[in-house]
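>
Numbering (full-length UniProt numbering), first residue to last: 1 to 125.
See the structure below:
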């Protein structure tokens, strides 16, 4: 019984059989893709579970409100200083203090000005 020898590469196939060569696509590469990390859990995000909000990458399940941890969607979130909230809690936190800084646990911006004026001694009455 004779064994059939298969060609090892496309060039050998062309030389032996006289047929056309099989070319590989130039767009296909075996280079490792850059791994994206989820902003919330710091684990790898694969393309099928990737969600981008304000240039931050998340898993679908990790994109949650900072206040109540409810799952967010691209149409149901509000962002401030890189933190994401559901729209009801964003409004509630703003209304509680009347400004974005105090309502979200930061110092009021005008307090920073007062400290600078005191340090420089230019406070006017």
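Glycine included, each C-beta is placed from N, C-alpha and C at the ideal position.
Computed from a predicted model, the values in this text were never measured in an experiment.
#1: To the nearest angstrom, report how far apart residue 81 and residue 66 are at their CA atoms.
#2: Given residue 40, which residues of its chain have a CB within under 7 Å of its CB, disregarding the five upstream and five downstream residues?
#3: Who are residue 83's beta bridge partners in DSSP?
#4: Could you tell me the alpha carbon to alpha carbon distance between residue 184 and residue 79, rounded to whole angstroms?
#5: Under 7 Å Cβ to Cβ from residue 72, same chain only, skipping five residues before and after it: list those, please.
#6: Using DSSP with H/G/I as helix, E/B as strand and the rest coil, what is residue 51?
#7: Pull up the DSSP beta-bridge partners for residue 128, would you.
#8: Using C-beta distances below 6 Å, list every residue in its chain close to residue 49, excluding the 5 sequence neighbours before and after it, in chain order.
#9: Among 43, 70, 74, which one has its Cα closest to the Cα of residue 129?
So, to answer that:
#1: For the purposes of this step, residue 81 is identified with residue 81 of the chain shown, where counting begins at 1. For the purposes of this step, residue 66 is identified with residue 66 of the chain shown, where counting begins at 1. Whole-angstrom Cα-Cα distance: 12 Å.
#2: Here residue 40 corresponds to residue number 40 of the chain shown, with the count starting at 1. The answer, listed in chain order, is 58, 62.
#3: In the chain shown, counting from the first residue as 1, residue 83 sits at position 83. Note: residue 83 sits in a beta bridge opposite 80.
#4: With the chain represented from 1 up to 125, any question about residue 184 goes unanswered, as that position is not in the structure.
#5: In the chain shown, counting from the first residue as 1, residue 72 sits at position 72. Excluding positions up to five away in sequence, the list reads 63, 64, 65, 84, 86.
#6: Residue 51 sits at position 51 when you count from the first residue of the chain shown. Three-state result, residue 51: strand.
#7: The requested residue 128 is not part of the displayed model; the chain covers only 1 to 125.
#8: As a working mapping, residue 49 is identified with position 49 in the chain shown. Answer for residue 49: 59, 60, listed in chain order.
#9: No information on residue 129 is available, as it lies outside the stretch 1 to 125 that the chain covers here.
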